[in-house]
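Engineer: Have a look at this one before I ask anything.
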Amino acid sequence: MDAAPAQKPIRFNRWLPYWAVFQADMQQTACSWAYRVWVAASVLTTVGYLLYRMGLTYEAGIVQPASKLISDLLTWTALASVGLIVVLTAGSISSERGTMADSVLSRGISRHQYFLGKWHSRLVTVLGTFLLLGAGALIGSLFFLHEDLSAGGSVMALLTVAAILAVVITAGVTVSAICNSTLLGITVLWVLLYGGGFALSLLPPRFPSPTRALGALPYVLRGYYDAGSLGQLIGASVVVCVLTAIVGLAHFARRDI
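Okay, here's the thing in structure tokens:
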């Protein structure tokens, strides 16, 4: 008799549940009203501001430096985006509390993978959209305004604002994992953001501060910046994101769902 063919061992991808949560949450975020309102408002604001400055340049003869325009757009986009980012992230986990037990306990998705999938999905979606919109504004300004932008300064400006937004996103997902309701999470997150921002603005100039970083954007865009200071701000933002995520992950792994 012929011997039975040897069966190949079945390999399981341990990160497949994480990838499933990541993809599903990206689709859910892209279809949410808060995300669409944020994108539409950002695009309309950028196009309207560019057309307004173009009218001043060609009709009134007032030449506007691109660094001033882009710094205003990045600053107001960051400040206005915080509100919608809070809505996008503060309910990322708490809003699914009714179906979370079925997802986590019945489908082989660990709590760590669930939290990481939600967190990484919101980071990629929101930061990727912001970087695309920021790059579009930079390209558009080259056609309508006096070009005084530095390539390195433009990249540093985008990374600086993206690092600040990353902290907001991470804090939102963490608060959502801790709080039982979305409304409570939004309230707690607003208190943390405003309280933390105010406390950082009172520190000496040698400490990184989001307020001072946004105020220095016109100089950064022109290439006049201290790479060490901006590097400290970006590095501090990464550290805060990691520590905040660890707190949320540790609490979410122990809580009842």
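The sequence shown runs 4 to 260 under this note's numbering. We put the CB at the ideal spot given by N, CA and C, even for glycine.
My guess is that Leu-87 and Thr-32 are in contact by the Cβ rule of under 8 Å, so how many angstroms apart are they, rounded?
Structural biologist: To locate residue 87, count along the sequence shown from 1; it is residue 84. To locate residue 32, count along the sequence shown from 1; it is residue 29. The pair is not a contact, with the Cβ atoms about 11 Å apart (cut-off 8 Å).
Engineer: State the DSSP-derived secondary structure class of Ser-240, mapped to helix, strand or coil.
Structural biologist: Taking the sequence shown and counting its residues from 1, the one referred to as residue 240 is at position 237. Three-state result, Ser-240: helix.
Engineer: Whole angstroms is fine: what's the gap from Trp-122's alpha carbon to Ile-237's?
Structural biologist: Within the sequence shown, residue 122 is the residue found at index 119, counting from 1. Within the sequence shown, residue 237 is the residue found at index 234, counting from 1. Taking the straight line from one Cα to the other gives about 19 Å.
Engineer: So for Asp-75, helix, strand or coil by DSSP?
Structural biologist: Your numbering for residue 75 matches position 72 in the sequence shown. Helix.
Engineer: In angstroms, rounded to a whole number, what distance separates the CA positions of Leu-220 and Leu-19?
Structural biologist: Residue numbering aside, residue 220 sits at position 217 when the sequence shown is read from its first letter. Residue numbering aside, residue 19 sits at position 16 when the sequence shown is read from its first letter. Distance between the alpha carbons of Leu-220 and Leu-19 is about 41 Å.
Engineer: Using DSSP with H/G/I as helix, E/B as strand and the rest coil, what is Gly-143?
Structural biologist: Within the sequence shown, residue 143 is the residue found at index 140, counting from 1. Three-state DSSP puts Gly-143 in a helix.
Engineer: Go through its chain and collect everything with a Cβ distance to Phe-255's Cβ below 6 Å, but skip five positions before and after it.
Structural biologist: On the sequence shown, position 252 is the one that residue 255 refers to. Closer than 6 Å at the Cβ level, and outside the excluded window around Phe-255, lie Arg-114, Phe-118, Ala-180.
Engineer: Using the Cβ count rule (16 or more neighbours within 10 Å means buried), how would you classify Ser-74?
Structural biologist: Here residue 74 refers to the residue found at position 71 of the sequence shown. Per the 10 Å Cβ criterion, buried.
Engineer: So what's Ser-70 in DSSP terms, helix, strand or just coil?
Structural biologist: Taking the first residue of the sequence shown as 1, we reach residue 70 at position 67. Correct three-state label for Ser-70: helix.
Engineer: If contacts are defined as beta-carbon pairs under 8 Å, then Leu-217 and Thr-78 qualify, I think. What distance do you get, rounded to the angstrom?
Structural biologist: For this step, residue 217 is matched to residue 214 along the sequence shown. For this step, residue 78 is matched to residue 75 along the sequence shown. Yes, Leu-217 and Thr-78 are in contact; Cβ-Cβ is about 5 Å, under 8 Å.
Engineer: For Ser-2 and Ala-169, I'd like the C-alpha separation in whole angstroms.
Structural biologist: Beyond the ends of the chain as shown, which are 4 and 260, falls residue 2; an answer cannot be given.
Engineer: Runs of 4 residues minimum, wholly inside the segment 140-204: which ones carry the alpha helix (DSSP H) assignment?
Structural biologist: List check, alpha helix (DSSP H) in window: 154-181, 185-204.
Engineer: Under a Cβ-count criterion, where at least 16 other Cβ atoms within 10 Å of its own Cβ denotes burial, should Arg-225 be classed as buried or exposed?
Structural biologist: Stepping through the sequence shown from its first residue, residue 225 is reached at position 222. Arg-225 comes out buried.
Engineer: Give a yes or no on whether the C-beta atoms belonging to Gly-188 and Ser-97 are separated by under 8 Å.
Structural biologist: By 1-based counting over the sequence shown, the position of residue 188 is 185. By 1-based counting over the sequence shown, the position of residue 97 is 94. Going by C-beta atoms, Gly-188 is nearer than 8 Å to Ser-97.
Engineer: Is the beta carbon of Leu-152 closer than 8 Å to that of Leu-134?
Structural biologist: Mapped onto the sequence shown, residue 134 falls at position 131. Mapped onto the sequence shown, residue 152 falls at position 149. No.
Engineer: Exposed or buried, what is Cys-34 when buried is set at 16 or more other beta-carbons lying within 10 Å of its beta-carbon?
Structural biologist: Taking the sequence shown and counting its residues from 1, the one referred to as residue 34 is at position 31. Exposed, because fewer than 16 other Cβ atoms sit within 10 Å of the Cβ of Cys-34.
Engineer: Leaving out five residues on either side along the sequence, give the residues of the same chain with a beta carbon under 7 Å from the beta carbon of Tyr-21.
Structural biologist: What you label residue 21 is simply residue 18 of the sequence shown in a count that begins at 1. Result list for Tyr-21: Gln-116, Leu-119, Gly-120, in chain order.
Engineer: Rank Ser-84, Gly-94, Phe-201 by C-alpha distance to the C-alpha of Thr-132 and give the top, closest one.
Structural biologist: Residue mapping note: residue 132 aligns to position 129 of the sequence shown, counting from 1. Closest by alpha carbon: Ser-84.
Engineer: Among Trp-193, Ser-95, Leu-136, Ala-81, whose alpha-carbon lies nearest the alpha-carbon of Ala-166?
Structural biologist: Along the sequence shown, one-based indexing puts residue 166 at 163. Among Trp-193, Ser-95, Leu-136, Ala-81, the Cα nearest to that of Ala-166 belongs to Ala-81.
Engineer: Return the CA-CA distance between Ala-104 and Ala-37, expressed in angstroms with no decimal places.
Structural biologist: Counted from its first residue, the sequence shown places residue 104 at position 101. Counted from its first residue, the sequence shown places residue 37 at position 34. Note that Ala-104 scores a pLDDT of 48, beneath 50, so its modelled location is shaky; the value from the coordinates is reported in the next line. Each residue's Cα considered, the two are about 26 Å apart.
Engineer: Taking only three categories from DSSP, how would you classify Asp-229?
Structural biologist: Counting from one through the sequence shown, the residue named residue 229 turns up at place 226. In the structure shown, Asp-229 sits in coil (DSSP, three-state: anything other than H, G, I, E or B).
Engineer: Once DSSP output is grouped into helix, strand and coil, what is the label at Arg-209?
Structural biologist: Within the sequence shown, numbered from 1, the residue matching residue 209 stands at position 206. Coil.
Engineer: Mind checking Arg-125: buried by the 16 CB within 10 Å criterion, or exposed?
Structural biologist: Translated into positions along the sequence shown, residue 125 becomes position 122. When all chains shown are included, Arg-125 counts as buried.
Engineer: I'd like to know whether the C-beta atoms of Leu-263 and Thr-163 end up nearer to each other than 8 Å.
Structural biologist: Any property of residue 263 remains undetermined from this structure, which presents the chain solely from 4 to 260.
Engineer: CB Gly-200 to CB Thr-214, shorter than 8 Å?
Structural biologist: Translated into the one-based positions of the sequence shown, residue 200 becomes position 197. Translated into the one-based positions of the sequence shown, residue 214 becomes position 211. Yes; because the gap between Cβ atoms is below 8 Å, this pair is in contact.
Engineer: Contact check, Ser-144 vs Leu-72 under 8 Å by CB: the rounded distance?
Structural biologist: Here residue 144 corresponds to residue number 141 of the sequence shown, with the count starting at 1. Here residue 72 corresponds to residue number 69 of the sequence shown, with the count starting at 1. Right, the Cβ-Cβ distance comes to about 6 Å (below 8 Å), so this counts as a contact.
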